[in-house]
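What follows is one structure encoded as structure tokens, with my remarks underneath.
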Amino acid sequence: MATKKRVLVSTWAFPPSPAGSAVILYELLRHMVQDEMVAVHTIGDPPLLDGPSLGIERHMVLLPGSYIWTLRCMRRAPWLFIPLIRREIVRQCKRHSIERIYAHFPNHCFLVAAWQASEYLGLPLTVYFDILWEEGTMGMHYAAECESRIVNRADSVFAITEFAVKHLEQKHGKRVNLVPHVIDTSGLPSCLQALSNESRPVILYSGAIYPNMNQDSLERLAQASTIARTRPIVDLCTWSLPDELRRLGMRSRCLSRARVMAAQAESSILFMPLAFESKYPVMIRNNCAIKLMDYLCSGRPILVHAPADCYVTYIARREGFALVVDRPSVTELAAAIDLLVRDRLLQERLVAGALTFVRTRDSRVWAQRLWAALSNN
Numbered sequence: 006m007a008t009k010k011r012v013l014v015s016t017w018a019f020p021p022s023p024a025g026s027a028v029i030l031y032e033l034l035r036h037m038v039q040d041e042m043v044a045v046h047t048i049g050d051p052p053l054l055d056g057p058s059l060g061i062e063r064h065m066v067l068l069p070g071s072y073i074w075t076l077r078c079m080r081r082a083p084w085l086f087i088p089l090i091r092r093e094i095v096r097q098c099k100r101h102s103i104e105r106i107y108a109h110f111p112n113h114c115f116l117v118a119a120w121q122a123s124e125y126l127g128l129p130l131t132v133y134f135d136i137l138w139e140e141g142t143m144g145m146h147y148a149a150e151c152e153s154r155i156v157n158r159a160d161s162v163f164a165i166t167e168f169a170v171k172h173l174e175q176k177h178g179k180r181v182n183l184v185p186h187v188i189d190t191s192g193l194p195s196c197l198q199a200l201s202n203e204s205r206p207v208i209l210y211s212g213a214i215y216p217n218m219n220q221d222s223l224e225r226l227a228q229a230s231t232i233a234r235t236r237p238i239v240d241l242c243t244w245s246l247p248d249e250l251r252r253l254g255m256r257s258r259c260l261s262r263a264r265v266m267a268a269q270a271e272s273s274i275l276f277m278p279l280a281f282e283s284k285y286p287v288m289i290r291n292n293c294a295i296k297l298m299d300y301l302c303s304g305r306p307i308l309v310h311a312p313a314d315c316y317v318t319y320i321a322r323r324e325g326f327a328l329v330v331d332r333p334s335v336t337e338l339a340a341a342i343d344l345l346v347r348d349r350l351l352q353e354r355l356v357a358g359a360l361t362f363v364r365t366r367d368s369r370v371w372a373q374r375l376w377a378a379l380s381n382n
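The numbering used here applies: residue 6 is where the sequence shown begins, and numbers increase by one.
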């Protein structure tokens with residue numbers, strides 16, 4: 006006989022994973038009552054890798070054949086995949102006498118299926134947007150048809166930044182709550198961390214690279230590194246290196262989360278890019294890249310290269326945790342690299358700002374706020 010659960014989590018990627026929504030989920034859900042939860046998910050992108058996992062019962066929805074066909078179907082024929090997810094959600098809800106469905110969105114298939122299942126079963130629904138939907142790159146035809154209905158069906162809605170909260174409230178006329186990207190704040194360094202090898206500066210970027218999210222700024226980094234007087238090395242830790250960056254001489258490596266964190270602590274500069282040239286400027290303006298929290302915990306200085314009106318630029322300047330280049334200029338970026346490599350006092354000031362700010366994003370505190378909504382039936 007199945008044990009009774011309180012909450013079903015519907016999401017795309019589930020821990021372990023080195024990046025993306027699975028990292029947010031891990032930090033939030035690990036502080037909750039895991040015996041009272043069950044998850045329905047599929048393969049992430051990148052796929053499952055070594056890393057911290059959760060003790061939550063989990064059920065993976067896949068098409069027969071391979072992970073690749075599942076990913077392709079989600080992107081190209083979601084109307085074929087959504088019914089499979091919905092069926093599994095309904096099955097697990099009935100099996101465990103679920104009291105609430107929690108849809109954690111960066112993927113419309115799992116959001117739509119969770120909403121449909123909540124309607125069918127008459128269950129309360131919580132939705133968390135860790136990125137905007139209709140203003141984003143995938144599933145926009147579903148968003149135009151469904152987003153308002155889903156938000157209004159949910160009795161609690163969360164978003165990842167203050168900008169996104171305000172945007173969604175104005176768009177839907179409904180209260181939206183903040184749960185930002187959070188992280189484990191135990192074991193933080195106390196100050197700027199010294200490098201074991203300072204012979205040549207290393208600029209590290211870790212995370213996915215997308216044409217409409219950050220690619221143009223990474224191309225400028227590649228160009229700036231060739232004219233900067235400090236002759237930096239660019240270290241790209243990504244599973245998705247575009248051909249444009251290859252042609253600029255860039256190479257990449259794919260690391261586990263633990264190895265990425267170690268590489269960040271040994272880098273001269275951590276690079277936080279967002280696109281200046283994008284079809285989706287509203288998404289750029291309101292979103293916060295998930296990797297930023299890892300950067301803030303590293304004890305190394307951060308260089309933000311993003312538009313002046315976006316959230317990341319705003320919060321970096323407000324909290325004083327990064328040097329910001331908010332114009333698409335290769336020469337300005339090269340000058341900022343040289344300044345940040347050479348100015349020890351600037352490094353110390355930025356790291357101090359980062360460590361102060363990251364303590365306001367303690368996962369235990371924010372998980373309690375989210376769990377209060379999930380356990381309210």
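For every residue, glycine included, the Cβ atom is placed at its ideal position computed from N, Cα and C.
Simplified DSSP state of T131, which is helix, strand or coil: Strand, per DSSP.
With distances taken from CA atoms, which of S261, A263, R100 and A148 is nearest A118? A148
Opening and closing residue of the alpha helix (DSSP H) in which T16 lies: Here T16 belongs to no alpha helix (DSSP H); instead the beta strand (DSSP E) covers V12 to T16.
Buried/exposed call for Q373, threshold 16 Cβ in 10 Å: exposed
Please go through the same chain and pick out, in chain order, the residues whose beta-carbon is closer than 6 angstroms to the beta-carbon of L260, but skip the five residues on each side of it. C242
Among I289, D367 and Y215, whose alpha-carbon lies nearest the alpha-carbon of L137? I289
The stretch 12-19 / the stretch 106-124 touching (three or more Cβ pairs under 8 angstroms): Flag = yes, the stretch 12-19 and the stretch 106-124 touch.
Would you kindly work out how many angstroms separate the C-alpha atoms of Y72 and T336, rounded to a whole number? 43 angstroms
Could you pull out every residue in the same chain whose Cβ sits closer than 8 angstroms to the Cβ of L328, ignoring the five residues on either side in sequence? P306, I307, L308, V309, A341, L344, L345, L351 and L355
For A164, name the three-state secondary structure that DSSP assigns. Reduced to three states, the DSSP call for A164 is strand.
Using the Cβ count rule (16 or more neighbours within 10 Å means buried), how would you classify T361? exposed
Whole angstroms is fine: what's the gap from S399's alpha carbon to S102's? Given a span of 6 to 382 for the chain in the structure shown, any question on residue 399 remains unanswerable.
Hey, how far is the Cα of A339 from the Cα of N292? Using only the alpha carbons, I get a separation of about 26 angstroms.
Between the beta-carbon of D135 and the beta-carbon of F110, is there less than 8 angstroms? The answer is yes: Cβ separation under 8 angstroms.
Per DSSP, what kind of secondary structure is C98 in: helix, strand or coil? helix
Contact check, V187 vs L33 under 8 angstroms by CB: the rounded distance? 6 angstroms
Drop a sphere of 10 angstroms on the beta-carbon of T166, count the other beta-carbons inside from all chains shown, and report buried for 16 or more, exposed for fewer. buried
If I follow the unbroken alpha helix (DSSP H) through Y285, where does it start and stop? That residue, Y285, is in no alpha helix (DSSP H); it is neither H nor E in DSSP.
Count the other CB atoms within 10 Å of the CB of P69; is the residue buried (16 or more) or exposed (fewer)? exposed
Starting from S211, follow its DSSP beta bridges and name the residues at the other end. C242
Compute the Euclidean distance between the alpha carbons of V43 and K10, then round it to the nearest angstrom. 7 angstroms
Which of the three DSSP states, helix, strand or coil, is assigned to E62? E62: strand per DSSP, three-state reduction.
Verify whether the separation of the beta carbon atoms of V317 and L297 is less than 8 angstroms. yes
Within 10 angstroms of the Cβ of A233, are there 16 or more other Cβ atoms? Answer buried if so, exposed if not. buried
Hey, could you find the ends of the alpha helix (DSSP H) V265 is sitting in? R262 to A270
Nearest to C196 by alpha carbon, out of Y31, G304 and A313? G304
Expressed to the nearest angstrom, what Euclidean distance is found between the alpha-carbon atoms of R407 and G325? No statement about residue 407 is possible, as the shown extent of the chain runs from 6 to 382 and does not include it.
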